[in-house]
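> I'd like to ask you about the structure that follows.
In mature numbering (1 follows the signal peptide of the UniProt record, and there is no 0), the protein residues as written are -21 to -1, 1 to 488.
Listed below in structure tokens is the structure:
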């Protein structure tokens, strides 16, 4: 009989930031905290569901396939587009079913299911955050089919601006902003989302020969503003702030993030705080989105500038722009948006992976997102292979947001070691609720040699991260002793102190 000695104890592991910076920072063995996300685009069936795939069971299977692929790459979050053009991929809301889901706007899924409920459950089962990604301004899509009479573009034509062959919502009308906020509120109230996420569509990108016709709205609501440009920026400011305040009132733990165009403003003698870039488009001047202000004011929890430029770009070099953003985080999280779709049109795998390595060399960048899902699942240029083999070989924990929650959960209870066909098996119970009422949501298992120093920042020591309360160590060896540390995490990724199990082997009969 194996002689197993169980020693269970609790202790605090105090690791200061200076100690953290001394960890091995090679490209493969990195910090255990890194946000790794992928955009799953639904508009025009870019990523999901497949064009013409209108059977619900087929859609479910395909979404599970996508999640499994990303889980194998150690992704820990997905941004899923659930509102393309004032429509919905969910049942409990104000807007009609999307045509890209069912083939016809307003048509129910068949067999009926609620895609958002389903997608959240599947993401959480894989211990991935689910952020509901909404398009902010688009009311109709250029290549859309017929619009149903009940659609907001038909019932509220006075809310619309016709621009470049489609309709966009007029942010200058207070009732429009209130409507958008209510759309968000319905999602946050009715679904277990981890975050609300918007992309770069504020006021529309300019098109030559097109006029943004909101002059009458400006005359009605623009009193006190020097010009229409300042008024438009103010409209966007108000909307972004309103949404954030509404989310906090309902579920303060839900994250709120924006993924704007990469350049806020170019540096100039006037705009001395801008990035030293020469972009023809900027969020501030072109899209009327003061994205730097939103993070400075703390209106958003994270920002993901779309830095879809290569390192050698003559006007917007990748590192110049990411370094600028890293100097303007104001205590919030900065993730970088990677345009890996460009691998098909000129980029190579080296460009994509080198950008990740640059991000990791900057302590103010907490991770990245990839556009879009199929670029990884179809392994453009071998990028998914590179992530799995090296860059994302080890799992990573989503960085906690201390301004939202800084209280650690209670550690797991009654951790014991068992034998299962000669392998070590750990079993535990969740800890009690923390002082703020937060529960254990998921767990991590670390394994150390008996003579090793316990260091929970060693990513190569993490064997498991997930929501199960059992773990079977397939790599344990019969004649070796180990120290296992089991920790718990709350919803916002605060980690408990570890509960330890020391497994000694004596008799090997």
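Note that CB positions come from ideal geometry on N, CA and C, so glycine has one too.
CA-CA distance, residue 471 and residue 279?
Distance between the alpha carbons of residue 471 and residue 279 is about 15 Å.
> Along the chain, where does the alpha helix (DSSP H) that runs through residue 97 open and close?
Residues 94 to 104.
> Report, in whole angstroms, the separation of the C-beta atoms of residue 361 and residue 403, which I expect to be a contact under 8 Å.
Their Cβ separation, rounded to whole angstroms, is 36 Å, which puts residue 361 and residue 403 out of contact at 8 Å.
> In three-state DSSP terms, what is residue 265?
Helix at residue 265.
> Is it the case that the stretch 87 to 103 contacts the stretch 63 to 70, given that we only count it when at least three CB pairs across the two stretches are under 8 Å?
They touch, by the three-pair rule.
> Let me know if residue 397 comes out buried or exposed under the rule of 16 or more other beta-carbons within 10 Å of its beta-carbon.
Residue 397 should be labelled exposed.
> Among 480, 461, 444 and 256, whose alpha-carbon lies nearest the alpha-carbon of residue 103?
Minimum Cα distance to residue 103 is reached at 444.
> Would you call the CB atoms of residue 301 and residue 282 closer than 8 Å?
No, these two residues do not count as a Cβ contact at 8 Å.
> Within this structure, are the beta carbons of residue 39 and residue 107 separated by less than 8 Å?
Not in contact: residue 39 and residue 107 (Cβ atoms no closer than 8 Å).
> With distances taken from CA atoms, which of 180, 227 and 348 is nearest residue 16?
The candidate whose alpha carbon is nearest that of residue 16 is 348.
> What number of angstroms, rounded off, separates the C-alpha of residue 14 from the C-alpha of residue 59?
Approximately 16 Å between the Cα atoms of the pair.
> Straight-line CA distance for residue 156 to residue 200?
Their Cα atoms are separated by approximately 13 Å.
> Which stretch, first to last residue, makes up the alpha helix (DSSP H) that contains residue 299?
Its alpha helix (DSSP H) spans residues 297 to 305.
> Counting pairs of beta carbons, one from the stretch 131 to 138 and one from the stretch 228 to 237, are three or more of them closer than 8 Å?
The stretch 131 to 138 is not in contact with the stretch 228 to 237.
> My output table needs one value for residue 289: the three-state DSSP class, helix, strand or coil.
If DSSP states are grouped into helix, strand and coil, residue 289 belongs with coil.
> List the whole-angstrom C-beta distance separating residue 415 from residue 384, where the pair is believed to meet the contact cut-off of C-beta under 8 Å.
7 Å between Cβ atoms; contact.
> Alpha carbon to alpha carbon, how far is residue 405 from residue 482? Give it in angstroms, no decimals.
Computed Cα separation, rounded: 11 Å.
> Should residue 3 be labelled buried (16 or more other beta-carbon atoms within 10 Å of its own) or exposed?
Legend: pLDDT at residue 3 = 35, less than 50; position of this residue unreliable, value from coordinates given subsequently. Answer is exposed; the Cβ neighbour count stays below 16.
> Would you call residue -10 buried or exposed, if buried means 16 or more other Cβ atoms sit within 10 Å of its Cβ?
Reliability fails at residue -10, whose pLDDT of 34 lies under 50, so the model's placement of it is uncertain and the value that follows must be treated cautiously. With fewer than 16 Cβ atoms within 10 Å of its Cβ, residue -10 is classed as exposed.
> Report the three-state DSSP secondary structure of residue 49 (helix, strand or coil).
Of the three classes helix, strand and coil, the one that applies to residue 49 here is helix, per DSSP.
> At 3 residues or longer, and completely inside the stretch 135 to 205: list those beta strand (DSSP E) runs for me, N to C.
Whole beta strand (DSSP E) segments, 3+ residues: 139 to 142, 145 to 148 and 174 to 177.
> Enumerate in chain order the residues of its own chain whose CB-to-CB distance from residue 491 is below 7 Å, with the five nearest sequence positions on each side excluded.
No answer is possible for residue 491: the residues shown for the chain start at -21 and end at 488.
> Would you identify the three-state DSSP class for residue 120, choosing helix, strand or coil?
The answer is coil: DSSP assigns residue 120 none of H, G, I, E or B.
> Quick check: the Cα distance between residue 261 and residue 394, rounded to an integer number of angstroms?
Residue 261 and residue 394: Cα-Cα distance of roughly 54 Å.
> Got a sec, what are the start and stop residues for the alpha helix (DSSP H) residue 336 sits in?
Unbroken alpha helix (DSSP H) run through residue 336: 328 to 339.
> Does DSSP put residue 355 in a helix, in a strand, or in coil?
The answer is helix: DSSP assigns residue 355 an H, G or I state.
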